[in-house]
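Worksheet: the structure to be examined is printed underneath.
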Amino acid sequence: MVMEIPFDVANIAGPETGGIAPPEVIGSYITSAKKPLLVVGSELLWGDFFLDIAIEIGKKGIPIAATGHSIKGFVEKEYMDNVTYYNLHELTNCLRDPSWKGLDGGGNYDFVIFYGILYYYASQMLSCIKNFATDPLMRAVSIDRYYHPNARMSFTNISPRMEEQYKDMLRKLVVSIKR
Amino acid sequence: MVMEIPFDVANIAGPETGGIAPPEVIGSYITSAKKPLLVVGSELLWGDFFLDIAIEIGKKGIPIAATGHSIKGFVEKEYMDNVTYYNLHELTNCLRDPSWKGLDGGGNYDFVIFYGILYYYASQMLSCIKNFATDPLMRAVSIDRYYHPNARMSFTNISPRMEEQYKDMLRKLVVSIKR
Amino acid sequence: MEALERGRIFTISDLQNVRINIGEIIEEEEEWEPMGPHPMPRIATLRDWDFKLLNRYKPFYAPLCDMCCLCTYGKCDLTGNKKGACGIRMDAQQGRIVLLACLIGCSAHCAHGRHLLHDMIKKFGRDVPIDFGPEVNIEAPLTRLVCGIKPKTIGDYDKVLSYVEEQIVQLADALHTGQEGSHLDFESKALHMGMLDSLSKEAADIIQIACYHMPTSYEGGGPDVPMVDVGMGTIDTTKPVVLVIGHNVPPAADIGAYLTENGLDDKVELGGICCTAIDTTRVYSKAKLVSALGRQLRVLRAGIADVVVIDEQCIRADVLELCQHTQSPIIATNDKAMHGLVDRTDDDPDKIVNDLVSGRVPGVAILEPDQVGEVAVRTALEVDKKRKGLSYILSDDEFKCYVNDCIQCGSCTLACPNGLRIGEANKSAAAGNIKPLADLFDICVGCGRCEQVCKKHIPIVDVVTKAAYPEVKEEKGRMRIGRGPVWDSEIREVGAPLVLGTIPGIIAPIGCGNYPNGTKEVQLIVKEFAERNYIVTLTGCMAIDSALWKDEEGKTVYEQHHGRFDAGGVLNIGSCVSNAHIHGAAIKVAGVFAGRPLRGNYEEIADYILSRVGACGVAWGAMSQKAASIATGFNRLGIPAVVGPHGAKYRRAFMSRPDRKEDWTLIDATDGSKVYVEPGPQDLLVACETVEEALPMMAKLCIRPSDTDRGRSIKLTHYIDLSLKYLNTYPPDWHLFVRAASDLPIATRNELLKKLEEEQGWKIDWKMKKIVEGPIRAYNPSFNPTNLERLIRRKK
Amino acid sequence: MEALERGRIFTISDLQNVRINIGEIIEEEEEWEPMGPHPMPRIATLRDWDFKLLNRYKPFYAPLCDMCCLCTYGKCDLTGNKKGACGIRMDAQQGRIVLLACLIGCSAHCAHGRHLLHDMIKKFGRDVPIDFGPEVNIEAPLTRLVCGIKPKTIGDYDKVLSYVEEQIVQLADALHTGQEGSHLDFESKALHMGMLDSLSKEAADIIQIACYHMPTSYEGGGPDVPMVDVGMGTIDTTKPVVLVIGHNVPPAADIGAYLTENGLDDKVELGGICCTAIDTTRVYSKAKLVSALGRQLRVLRAGIADVVVIDEQCIRADVLELCQHTQSPIIATNDKAMHGLVDRTDDDPDKIVNDLVSGRVPGVAILEPDQVGEVAVRTALEVDKKRKGLSYILSDDEFKCYVNDCIQCGSCTLACPNGLRIGEANKSAAAGNIKPLADLFDICVGCGRCEQVCKKHIPIVDVVTKAAYPEVKEEKGRMRIGRGPVWDSEIREVGAPLVLGTIPGIIAPIGCGNYPNGTKEVQLIVKEFAERNYIVTLTGCMAIDSALWKDEEGKTVYEQHHGRFDAGGVLNIGSCVSNAHIHGAAIKVAGVFAGRPLRGNYEEIADYILSRVGACGVAWGAMSQKAASIATGFNRLGIPAVVGPHGAKYRRAFMSRPDRKEDWTLIDATDGSKVYVEPGPQDLLVACETVEEALPMMAKLCIRPSDTDRGRSIKLTHYIDLSLKYLNTYPPDWHLFVRAASDLPIATRNELLKKLEEEQGWKIDWKMKKIVEGPIRAYNPSFNPTNLERLIRRKK
Ligand code: SF4
Ligand code: SF4
Ligand code: SF4
Ligand code: SF4
Ligand code: SF4
Ligand code: SF4
Ligand code: SF4
Ligand code: SF4
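Chains as they are written, first to last, in the working numbering: chain H, 1 to 179; chain P, 180 to 358; chain C, 359 to 1154; chain Y, 1155 to 1950.
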């Protein structure tokens, strides 16, 4: 496991910090989920490309919780299958409760994918999941351009000038999610 | 750089954590010091071997501050060249002050080697050096059987059943200190 | 001598040859209202109420740290709800840290109040009357509610503050290793602390209003308070400038008084940052508001001040270092923030001024407020001469050098709490386009962390300021000065519309400036709700920041909207301590409008407010421990608060689960029946990622089970409308709030009924335009919601 | 009505037809002593004194964390003294955290005192006299010294505690983001907090002594207090057992009273852990001391209690979970530690007992102490029947399984605060040798962190207990019960020897049980110093733990030594709050022996103690926030403290630099001259790695500049002797303390002079046996050391 600096350098929570992984690994990790949920946030609106990636993941049958005002993008793209607006705080409040029925009424998720969410807000929600959604274990990964120590897996920090590489990683990720 | 768990698992101070290195690397790092000081503590008395290692390092011309009641060992071994009793807290209090004259009156040290000191006490003193002995920079390493994130370099945690390997490492270390 | 019992009537004629040394004379209190059940509640007194809240709004924790380091057993690793060496688990530990934050916040307010009281009693005596004019009968709603005391003079606040201090210390004890084991009890204690916080703020503001004759309901107060200049561009730097920073107004008031007495009003600029600035404008009409907290570093770096006077709270810890850099002497005026300076209280002003002007000392401490004015002003007059011509804004060349030096290493971004991409902006500036850098000015919270790590030693904050300087130096907004308490007469007018819901709600932007996207969002919040006829009551940094932005006609929100506590009003209530009057307004709705008894009756009033008063706080830039205790104080009183995304770092939120029917069952006080109701308010504390999300959220959090159908339809209109406007979609849960067709706005009723039929499968009687089946409950205009069994009128 | 001025004498005859409602009657205070310069000092009042201390003993910081997480700007990375977003640097941040720790500690003591006062006034009224018998005239040295008040009844403590509460809140305010920027000011505030802590403890202990007639100088008190049983082996588990845990004695006192009233003294065991236990033995002679804090987890796990009654402080946060495991109902009696239990105060005892006995509820809260006795005892009587035959000690088979299960993965070692090698011990036990495991019992601090991480789910704490059980169940020590204040008459006897140095010093072992190597080291400290004729005054956990060990004759340190405050005495002063009497003793030395005025005269007395009273505290197991504030309180009064190695985790120490001559220059009050003196005491707060190091260190820290030559020679004897004994060598700095040959012990004088000549190059006149050249100063018997200019008798 490679060492990386949290995107917010002092965002060091404690002994348990998540790993860094390439898109293929995260993709196959997602593939292993029984009931995954894609949680997206406002940074998704930073570019059409990012929104399209979410939709592609959604099309693999993974439901989407659109937090912040990211729902706007889906409405504009007219992709609303399995997309639900949710406040991220409230959503995480549900996720931490094993008895929550989920967005579909069929029960809570075992795996969440954070994407396009403001770094520190995402980090806090990942911390909640890490510390409290343990029984049964909920796994959480981030596919943002940040290293997220509170996620089980995330990418490294990707600077703006590496934007193209990041897009490439997302493309690879989508391909490697098998469902 | 390999990741290691601090010997006290929650002893995670923040973004700056020291590396793990093999004896040869630490040895040559020590060799690079202008004015090093070996600081030993009570765990030195856990075995004659450990005391002898200190004496061997001392014989390379590195002065020794004997903290805790480690001085007892040196007295028994009748090795008192350049060995001075000092309380570790008080010693670190001096080390942090660039104008301190040192044990020899010739000025402060630029490099300290911690050895045989109770883990958490050593860790706190290393923290003081890391955070406050920065101008001029004082480098601090540990050659104890613990990973010490507050030192610039240390070994990994070594369990009792690896005692022989640890002794080996110390032997290698002594050899690799060139002075 | 006979033993005398405390509190008993005692007739003089019974005594002979006696001299009594009078300690404290308690006038027999007029029986203004019978005492309620919980005067001066202790830790466990209101715990039942707290547990009711905590059951519905179960504490949610997001640890910022997985370790505990509070004792020398530690650090303990609590990851995954593990136990520490003392046996505490992560959830309780988080509750403990929340209690700690609230403790620090509440102590700041209480200690400030106590400090004021000491100084004011010394200056004016104990008997300064508390009289806020003809329109304010309930002078101190929180004091009455919590303590059961109706304060007549500032001296009466002695016991109020003693009560608060005692309770704070009791609660601090609970933080010790080896006390509470239950997160619920930690939260109940935090709620208690929040209540004490609100009471402390009321005490502090009432004391200063009374002593300094700040605006009340006497002439020129209330809606008619004057406007004041806001912004870095409002200071005339050709004059000597005294800059005050902090929260405790007496030293600044003394400066104002000194200026007036010496005819220097127009010769010396008195500007301020943060709450001291707000309060200075309440006592000295020439004072100017330079900025809120977020720009403190930049204002100091810009070197506009010839003398900096600090009192307490929200002062940069490196203020001394910063002032030394710009050669501005500093005067510390409060024992809580002395910055290592030598205490020169009672020393000869000539000597002090001399020492400061000559630069022999970088600053002094003067702890007697009435000694500050002379020293500060005389020093400013002299220092100004020496500093003439000095500029601390980067030159064009320096600016160019710095932006060229940048190697885009990204360290600053990793250090920046907001992850701002400074390297990119520098690059672009180096290439000739300074806009990206200039744009950072408003988003940056001015913390300086970036500069701590830049290997190229670029003064990033100065670089950004330079890029934005052309606009910044023109920045001149207008703000209504703090008006203090809402009038009883105003409450009487709006009580019904508020409770019935025809005024859709009270929006209370409060607190600090740690905004995710800059100050403009504050103005958007104010504008959006004021235009929709909400009442917008501002305090503290948000009151200042929202004044920075103008519409096309050059008007700020204060100029666009009236200042009455009424539909569409935009009120600056005052400094942080003034936000107690927002509690006060809600309490008065229950007291003045609904006739509920207030005295010692916190639980009932909180219950009333929770179910009926559609108010919602927003701390968009919540940063400090005070913000934590303020929000928690709102929460205990039944008022929800929305925070910006940084608010997630407070570690705890209070959110309900609308899907848990058992949590949403209220009692109808009319007959004791249990009613499953819509989730209003759904949350007590929740963070939103963006302002677009926050706007509909706040509208939603104004919904209450007691809304009339007409009121509900208005609230729903705004909730849906704001969702459509900012999220491009209907909120997924709007149907939860529909009890009957009459809850739907007439204009869109058909459309909405259709959606209910199609999307929710509700049964609609299209002929009658009625909902036949679907809603979680039917609308019952006589529904009398409560959470308290004891309020049931007749048990069935 | 005429306006009456507060505090003025007011003659009744001036009034006609007046009824006065008496609020508080302040009797005209007898003029017992003129008021000193600093009654009820505020934050900045004693800052000069603090800065004097802080200049010599410059704060030393060893961060336990490089980050700050106190506000939502954070976390901020402060590594390498970087600034955080608020501008604070690492050094100031560490000072802030120290202030926070002291705040929590001091609040615990103050809130405990206030809680007691409330309950006691309710029970006994305000007028319980403070009268400690014929030998105690200065009943409340700290109260007199700090507040300028001579308390007559417990009611007088109202204002004392109000003063403390006000100050605590002022200091808490200083913790807020954006207050202090200087670490020195944070430390001055921490020292202020430490002083308040000592005052609070005095208040708490005086209140309880007065109300419960705990031992004083009336018959049976003082040196003659009875002994009591200590140890896990002292409880007869065949009887129903009530176990009390915490610090606040009223509920336990009520249990004792109930037992006596109902003739159950010999039928029910009342045992306790920690300070409540100590204080229970001061009011109920049959009470037993089960253990100090370090064994709480093990005592609870062993399931010896049929009912557990907790009050406040030093209670495991998982106490409820632990008691549920052993089916022991729990009664929470304090609002600071309610553990989520339902508040049943004022409920019918029958119902409560029933609910507890049936197991319907795991516990209840009863906040009225006088309702606890009946419920606790009746429940114990019933529960005992149900729990008969149950054992919570592992069976031999279970033990075997567990030690065999261990895979020596080492996780427990990494989780253990002391890094104990449990895996190895298990391995050895699996191989048949349980000694290594059994040996861990005393070293382990019983925190349970190891169990949190063991993948094999081995109940490590139980395994260790099982291994040690044969000895543990025999563990029966004897301890003198807490005697409370040192008598004025004792002070009169020892004042001269103490100040002159012929009694070499007072050693005060205080506080918690986080020892690096177990409880035996405490006993060693006590024994070593008592045998050398020091006065050893114990409190809290160290008082308990030192009673666990016996000499060859089966005697504990209390049985070996007398209990007088005199050479060689071993005194149990009492619980943690009683350690205020150690301050009290030092203060009385200045007052009774030296005749210094005490009233409102803290600075002068602290200055006196620092230079003249050879006292040294030792908190060998210092763990809690209270220990931090206690030590800081000692320090402000000029008393040094040695802590165990864990103490380094408090982050801050106070050590001087003997090599900095400028720091060691005192004033001779006789003539105002400056004198460069030997470093006595060298440190105010210092950690030692091992007890071998601590013993000579403590001897050294008893040296004072004012020592006579005879006194110095005795102190030097012990310093050198302890060094030789435990470090095998002369201390490298012993020569620093030699002013003249007469400072050297006669027996070894020649030898030592020789060493001075040879090793230090001093010039010795061998004929005269005199030192001619070398010492840093000559011995001057009339030297009158002070740090305060104002105490110079005549300026030269
Ligand atoms: S307070 Fe508890 S969790 Fe925190 S460090 Fe101490 S023992 Fe560990
Ligand atoms: S840290 Fe300095 S050099 Fe690096 S990107 Fe930021 S401004 Fe540029
Ligand atoms: S000063 Fe502005 S740019 Fe720099 S770290 Fe703070 S918020 Fe970011
Ligand atoms: S709680 Fe804060 S100070 Fe403590 S370890 Fe965590 S980050 Fe550091
Ligand atoms: S208090 Fe200061 S150092 Fe601590 S997190 Fe807040 S800004 Fe950072
Ligand atoms: S953690 Fe458990 S299995 Fe591992 S060494 Fe410790 S006792 Fe043995
Ligand atoms: S209970 Fe004992 S062995 Fe286990 S972690 Fe704590 S001190 Fe170590
Ligand atoms: S000495 Fe320490 S551990 Fe023991 S009871 Fe007192 S505070 Fe608690």
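No residue lacks a Cβ here, since even glycine has one placed at the ideal position from N, Cα and C.
Next on the checklist: Distance check for K834(C) and A734(C), CA to CA, integer angstroms please.
Outcome noted: The alpha-carbon separation between A734(C) and K834(C) amounts to approximately 25 Å.
Checklist entry - Any idea what DSSP makes of R472(C), helix, strand or coil? => result Here R472(C) sits in helix by DSSP.
Item to check | Residues near N379(C) by beta carbon distance below 6 Å, same chain, minus five either side | outcome: With a pLDDT of only 43 at N379(C), under 50, the local geometry of the prediction cannot be trusted, and the value read off the model is given with reservation. Hits under 6 Å: none found.
Next on the checklist: Tell me the residue span of the alpha helix (DSSP H) that contains F992(C).
Outcome noted: Per DSSP, F992(C) belongs to the alpha helix (DSSP H) from 983-994.
Next on the checklist: Let me confirm a value: L1820(Y) is counted as buried when at least 16 other C-beta atoms fall within 10 Å, else exposed. Which label applies?
Outcome noted: Burial is judged here by how many other beta carbons sit within 10 angstroms of a residue's own beta carbon; L1820(Y) has at least 16 and is buried.
Next on the checklist: Taking 8 Å as the cut-off, does the stretch 1236-1249 of chain Y touch the stretch 197-206 of chain P (at least 3 CB pairs, one atom from each stretch)?
Outcome noted: Contact between the stretch 197-206 of chain P and the stretch 1236-1249 of chain Y is absent: fewer than 3 CB-CB pairs across the two stretches fall below 8 Å.
Item to check | Residues sharing a beta bridge with P1939(Y), DSSP | outcome: According to DSSP, which records beta bridges pairwise, P1939(Y) is partnered with D1822(Y).
Checklist entry - For R718(C), which three-state DSSP category applies? => result R718(C): coil per DSSP, three-state reduction.
Item to check | For H1266(Y), the nearest candidate out of S1336(Y), V1395(Y), V1829(Y), P1404(Y) (CA to CA) | outcome: For the residues S1336(Y), V1395(Y), V1829(Y), P1404(Y), the minimum Cα distance to H1266(Y) belongs to P1404(Y).
Item to check | Start and end residues, alpha helix (DSSP H) containing V1626(Y) | outcome: V1626(Y) -> alpha helix (DSSP H) spans 1614-1626.
Checklist entry - What residue from Q165(H), I5(H), C94(H), I71(H) has the CA that sits closest to N82(H)'s CA? => result Among Q165(H), I5(H), C94(H), I71(H), the Cα nearest to that of N82(H) belongs to I71(H).
Checklist entry - Going by the CB atoms, is the gap between P1054(C) and V1096(C) shorter than 7 Å? => result No, these two residues do not count as a Cβ contact at 7 Å.
Next on the checklist: Check for me: the beta strand (DSSP E) holding R1210(Y) runs from which residue to which?
Outcome noted: Premise fails: R1210(Y) lies in the alpha helix (DSSP H), 1201-1210, not in any beta strand (DSSP E).
Next on the checklist: Tell me the DSSP secondary structure of E1911(Y) in three-state form.
Outcome noted: DSSP places E1911(Y) in helix when its eight states are reduced to three.
Checklist entry - Buried or exposed: G949(C), going by 16 or more other Cβ atoms within 10 Å of its Cβ? => result Burial call: buried.
Checklist entry - If the cut is a Cβ gap below 7 Å, which residues of chain H does K1007(C) touch? => result The answer, in chain order, is Y120, Q124.
Checklist entry - Short check: CB of L1166(C) to CB of Y415(C), under 7 Å? => result Here chain C has residues from 359 to 1154 only, and residue 1166(C) is not among them.
Checklist entry - Who are the Cβ neighbours of E1644(Y) in its own chain at under 7 Å, not counting the five residues just before and after it? => result So the qualifying residues of the chain are R1718, F1719, D1720.
Checklist entry - Can M1347(Y) and S1783(Y) be called in contact, C-beta distance under 7 Å? => result Against a cut-off of 7 Å, the Cβ pair of S1783(Y) and M1347(Y) comes out as a contact.
Item to check | C-beta neighbour in chain Y for N310(P), strict 7 Å | outcome: Taking Cβ atoms only, chain Y reaches closer than 7 Å to N310(P), which makes this a yes.
Checklist entry - What do you reckon, are the CB atoms on E1187(Y) and R1750(Y) nearer than 7 Å? => result Contact: no.
Next on the checklist: Which residues of the stretch 426-441 of chain C have a Cβ closer than 8 Å to any Cβ of chain P? Give them in chain order.
Outcome noted: So the list reads G432, K433, C434, D435, given in the order they occur along the chain.
Item to check | Three-way DSSP call (helix, strand, coil) for E1927(Y) in this model | outcome: Strand at E1927(Y).
Next on the checklist: Is K814(C) near ligand 2 - that is, is its Cβ less than 6 Å away from at least one heavy atom of it?
Outcome noted: Yes, Cβ of K814(C) sits closer than 6 Å to a heavy atom of ligand 2.
Next on the checklist: Relative to the C-alpha of L51(H), which candidate in S32(H), K77(H), K35(H), I30(H) has its C-alpha closest?
Outcome noted: Across the set S32(H), K77(H), K35(H), I30(H), the C-alpha of K77(H) shows the shortest separation from the C-alpha of L51(H).
Checklist entry - Mind checking whether T1710(Y) and A1701(Y) have CB atoms under 7 Å apart? => result Contact flag set, yes.
Checklist entry - What do you reckon, is the C-beta of V1599(Y) under 6 Å from a heavy atom of ligand 7? => result Yes, the Cβ of V1599(Y) comes within 6 Å of a heavy atom of ligand 7.
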